[in-house]
Amino acid sequence: YSPLASPKRVWLGDERFILTVGIGQVALMANLGNGKSRTAILQGVYHVPDLNGNLLSVSHLTKRGYAVNFTTLGCRISNSEGQLVGTAHKKDNLYIFDGSP
9 YSPLASPKRV WLGDERFILT VGIGQVALMA NLGNGKSRTA ILQGVYHVPD
59 LNGNLLSVSH LTKRGYAVNF TTLGCRISNS EGQLVGTAHK KDNLYIFDGS
109 P
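Laid out in structure tokens, this is it:
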């Protein structure tokens, strides 16, 4: 984790923004279904103290070569080799990552 010299803006869905204060990496245990799991290391994760939850940017994933496939029930995240690296289930209008820190 490193504090940022100057904060960056994170834009929210209602066109407001909040500020980041640091950047680092996070290790998550991704549940893949059928009792399988794997550790996922997320790089370039912003620390945003004013955010009440954790958000995962689909555009940042796809920029890094990941594929994100959505259905009405959830989504699947695959790496550039087509291997499943994460899943999410849909709750209301959000996709909730299946895993834990």
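The numbering used here numbers the first residue of the sequence shown as 9 and each following residue consecutively.
Note that the Cβ used here is the ideal one computed from N, Cα and C, for glycine as well.
Computed from a prediction, not measured in an experiment: that's the story for all the values here.
Every unbroken stretch of the beta strand (DSSP E) spanning 3 or more residues and falling wholly within the segment 20-76 is given here in chain order: 25-27, 30-41, 44-55.
DSSP places A96 in the uninterrupted beta strand (DSSP E) bounded by 92-99. By the criterion of at least three beta-carbon pairs nearer than 8 Å, the segment 32-46 is not in contact with the segment 13-23. For S86, the enclosing beta strand (DSSP E) begins and ends at 82-86.
A Cβ-Cβ contact shorter than 9 Å links L64 with F105. For Y103, the enclosing beta strand (DSSP E) starts and ends at 102-105. Under DSSP, S14 shares a beta bridge with no residue. Here Y103 has F78, G82, C83, A96, H97 as same chain residues with Cβ atoms under 8 Å from its own Cβ, once five neighbours each way along the sequence are excluded.
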